[in-house]
Amino acid sequence: MPEPRSGRIPTVDLRPWLTGDAEDRRAVAGTVDRALQNAGFLLVTGHGVEASLRARLRAAARTFFLLPAEVKQRYAARVGGRGWLGPGTEANGYAEGTATPPDLKESLTFATEEPFDDPKVNAEWYAPNVWPEEVPELRPLCREYLDRMARLEHRLLTLLGEALGVGRDFFTRHMSHPTYGFNINWYPGVEVVGEPEPGQFRIGPHTDFGTVTILDRQAGKGGLQVFTDEDGWTDAPYDPDAFTINIGDLMARWTGDRWRSGRHRVLPPPAEEPAEELMSLVYFGECTPGTLVESVPAPVGRVAYEPVDSHVYLRQKLDAITVG
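Per our numbering, the sequence shown starts with residue 192, numbered consecutively.
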């Protein structure tokens, strides 16, 4: 197995997990368990998602982000909704109690299109996606990407069940009708966002809220940093062929804090490269609404949290970061 890199964040090749023997799978599961106990992050290769799909999706999204603000405003959405989140909409640091100026980004956000059988839940979490008519290619690209992400998430959650020692279906059985979300985050340079205020980030320090996040990112000086107790804030390791994986608060609660909810931030445009532009594709895995998240007992779990309804918890977090 590869040695851990950059603050003990390892790169894990999924192929031995998917096609190897029992010893190979145990080795992968052990590496994942150790990584998530430390920083809550790892990189994965061998995932089978082509770089060309990611490149085409970025190009289509950039076409949208470069449209005039008055055009993008037609697709404006609230945090947790479907559509365009414009400048000044979010301050992610508030989710952890860190007061920051609004995040220096714009986002397009989409989610599952399969309706739920409860009308109230359906209205809250399964609103129709809003597809910009100015960029028609965005819709089929997003649908293809989300289909690939859902399959990858299922494989990862099966691996996480094995790594935790609770059975491969421990998490996946709660994902029969998930409210997964997908953000395309655009981080333009200072000519678009202006000079950063003190303490302002492209995304402020926070942990994600749900189960598992699958991130396709670009390297940059104003890029992703992760936090560990041993090393503090450090630049995240980068591999253009890898997805960055981190777990969120609900998964940390589920494991009784055996695994760390990965704290991270995205730095502002760097003074030495003020025109730097980055784009991230962020898939947020979630449970089926109404899932009761209960901490696994000791000796696997280390903290016994009060059980929470997954989507009551998620809504509280989304409301906390809403500033626009």
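Beta carbons are placed, not taken as given, at the ideal position from N, Cα and C, and that holds for glycine. Since this is a predicted model, take the numbers as computed values, not measurements.
Neighbourhood of M442 by C-beta, 6 Å cutoff - its chain only, sequence neighbours within 5 removed
Here M442 has T402 as same chain residues with Cβ atoms under 6 Å from its own Cβ, once five neighbours each way along the sequence are excluded.
Compute the Euclidean distance between the alpha carbons of T482 and E497, then round it to the nearest angstrom.
Answer to the nearest angstrom: the Cα atoms are 14 Å apart.
Taking only three categories from DSSP, how would you classify H397?
Residue state, collapsed to three classes: strand.
Neighbourhood of L332 by C-beta distance below 7 Å, restricted to the same chain and skipping five residues each side:
Correct list, in chain order: R247, L248, A251.
DSSP three-state label for F475, please.
In the structure shown, F475 sits in a strand (DSSP, three-state: E or B).
For Y317, I'd like the list of residues in its chain whose CB is within less than 6 Å of its CB, leaving aside the five on either flank, ordered along the chain.
If you ignore the 5 residues before and after Y317, its C-beta comes within less than 6 Å of the C-beta of P306, F307, all in its own chain and listed in chain order.
Tell me whether the segment 347-365 and the segment 281-291 touch, counting them as touching only if at least three CB pairs, one residue from each stretch, are closer than 8 Å.
Taking 8 Å as the limit for Cβ pairs, the verdict is that the segment 281-291 does not touch the segment 347-365.
Three-state secondary structure assigned by DSSP to D407
Correct three-state label for D407: strand.
Quick check: F232 and T435, are their CB atoms within less than 8 Å of each other?
Cβ distance < 8 Å, so F232 and T435 count as in contact.
How should R265 be labelled, buried or exposed, when 16 other C-beta atoms within 10 angstroms of its C-beta is the threshold for buried?
Counting of Cβ neighbours within 10 angstroms places R265 among the exposed residues, the total staying below 16.
In three-state DSSP terms, what is S243?
Reduced to three states, the DSSP call for S243 is helix.
Looking at the structure shown, is E325 part of a helix, part of a strand, or coil, going by DSSP?
The answer is coil: DSSP assigns E325 none of H, G, I, E or B.
Going by C-alpha distance, which of E477, V484, V417, P259 is nearest D448?
Measuring from the Cα of D448, the nearest candidate turns out to be V484.
Taking 8 Å as the threshold (C-beta atoms), are T289 and P459 in contact?
Taking 8 Å as the Cβ cut-off, P459 and T289 do not qualify as a contacting pair.
Can you tell me which of the three DSSP states R456 falls into?
Strand.
Where do the N-terminal and C-terminal ends of the beta strand (DSSP E) with N437 fall, by residue?
Residues 434-438.
Start and end of the beta strand (DSSP E) containing V383?
No beta strand (DSSP E) contains V383, which is instead part of the alpha helix (DSSP H) from 381-384.
Roughly how many whole angstroms lie between the Cα atoms of H345 and T363?
Straight-line Cα distance between these residues: approximately 7 Å.
CA-to-CA distance, G372 to P273, given in whole angstroms:
According to the sequence shown, residue 273 is Arg rather than Pro. When rounded, the distance between both Cα atoms is 9 Å.
By DSSP, does G390 sit in helix, in strand, or in coil?
Three-state result, G390: coil.
Please name the residue or residues paired with V235 in a DSSP beta bridge.
Checking the DSSP bridge columns, you'll see V235 partnered with V203, F434.
Through-space distance from V321 to E477, alpha-carbon basis:
Cα-Cα distance, rounded: 20 Å.
Taking 8 Å as the limit between beta carbons, can you name the residues of its chain near A511, skipping five residues before and five after?
The residues Y285, A286, in chain order, have a CB closer than 8 Å to that of A511 in the same chain once the five nearest residues on each side in sequence are set aside.
Just checking my contact of T446 with L355 at CB under 8 Å: how many whole Å lie between their CB atoms?
Contact between T446 and L355 holds: their C-beta atoms lie close to 6 Å from each other, under 8 Å.
Pull up the distance between the alpha-carbon of K508 and that of L244, whole angstroms please.
Between the C-alpha atoms of K508 and L244 there is a straight-line separation of about 31 Å.
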